[in-house]
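Engineer: This is the structure I want to talk about, given as structure tokens.
In my numbering, the protein residues as written are 34 to 127.
Right, here's the structure in full:
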């Protein structure tokens, strides 16, 4: 989370300025990490649990879209995240 937050905050603050939203704060970011929040950031198990929770709350979902570049992470980190999604996260989901 500590690695993800700075770039995410910068991106969301920039987008927010264009759209009239307040700047991203650490507390707003952390709220989105919680069980009801929109961000899928954390361990493979935590992300899988959150996807399953949202799916149940929404009556079943058939796909997830990941916005991978919102945290301004280096290319190598994005490639690793894609690999983890395919090899470790997908097997935990129906």
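C-beta atoms are modelled at their ideal positions from N, C-alpha and C, and glycine is treated no differently.
Roughly how far, in whole angstroms, is the beta-carbon of residue 42 from the beta-carbon of residue 57, given that I think they are within contact range, below 8 angstroms?
Structural biologist: Indeed they touch by this definition, with Cβ atoms about 4 angstroms apart.
Engineer: Please return the same chain residues whose Cβ sits closer than 8 angstroms to the Cβ of residue 48, not counting the five positions on each side in sequence.
Structural biologist: Once the five neighbours on either side are set aside, the close Cβ partners of residue 48 are 54.
Engineer: Give the C-beta separation of residue 74 and residue 34 to the nearest angstrom, bearing in mind that I take them to be a contact with Cβ-Cβ under 8 angstroms.
Structural biologist: Right, the Cβ-Cβ distance comes to about 6 angstroms (below 8 angstroms), so this counts as a contact.
Engineer: Taking the continuous alpha helix (DSSP H) assigned at residue 65, which residues delimit it?
Structural biologist: That run of the alpha helix (DSSP H) goes 59-66.
Engineer: May I have the straight-line CA-CA distance separating residue 39 from residue 103, to the nearest angstrom?
Structural biologist: When rounded, the distance between both Cα atoms is 10 angstroms.
Engineer: Is it buried or exposed, residue 123, if we count other Cβ atoms within 10 angstroms and call 16 or more buried?
Structural biologist: Classification of residue 123: exposed, given that the 10 Å Cβ count is below 16.
Engineer: Mapping the DSSP letters down to three states, classify residue 56 as helix, strand or coil.
Structural biologist: Residue 56 falls in the coil class under three-state DSSP.
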